[in-house]
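Residue numbers (the numbering used here): 17 to 76. Just so it is clear, CB atoms sit at the ideal spot from N, CA and C, and this is done for glycine as well. As the structure is a prediction and not an experimental result, all values here were calculated from the model.
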Amino acid sequence: MVEVKVDIEKCTGCGTCVDTCPVEVFEVKDEKSVVINNDECLVCRACEVQCPENAIEVIE
Numbered sequence: 017m018v019e020v021k022v023d024i025e026k027c028t029g030c031g032t033c034v035d036t037c038p039v040e041v042f043e044v045k046d047e048k049s050v051v052i053n054n055d056e057c058l059v060c061r062a063c064e065v066q067c068p069e070n071a072i073e074v075i076e
């Protein structure tokens, strides 16, 4: 089971994760990124790598 976590304290709501994720795991709500489709995660880790604030963690 994969778990995708967003550190709300670090997240600036830039939307990079939304644009980067190939399977739409993220959505920006109230100026913060939230995980809406955790089960769709492919564990490609593109969101982790691309997040400018290092606010995303993918845990296998």
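Through-space distance from R61 to E43, alpha-carbon basis: Linking E43 to R61 through their CA atoms gives a straight-line distance of about 16 Å.
Simplified DSSP state of V34, which is helix, strand or coil: Looking at V34 - three-state DSSP - the assignment turns out to be helix.
Span separating the alpha-carbon of D55 from that of P68: Going by the C-alpha atoms only, they are around 24 Å apart.
Residues bridged to E25 [DSSP beta-bridge criterion]: Its beta-bridge partners do not exist; DSSP assigns none.
Residue burial classification, I52 (beta-carbon count within 10 angstroms, cutoff 16): I52 should be labelled exposed.
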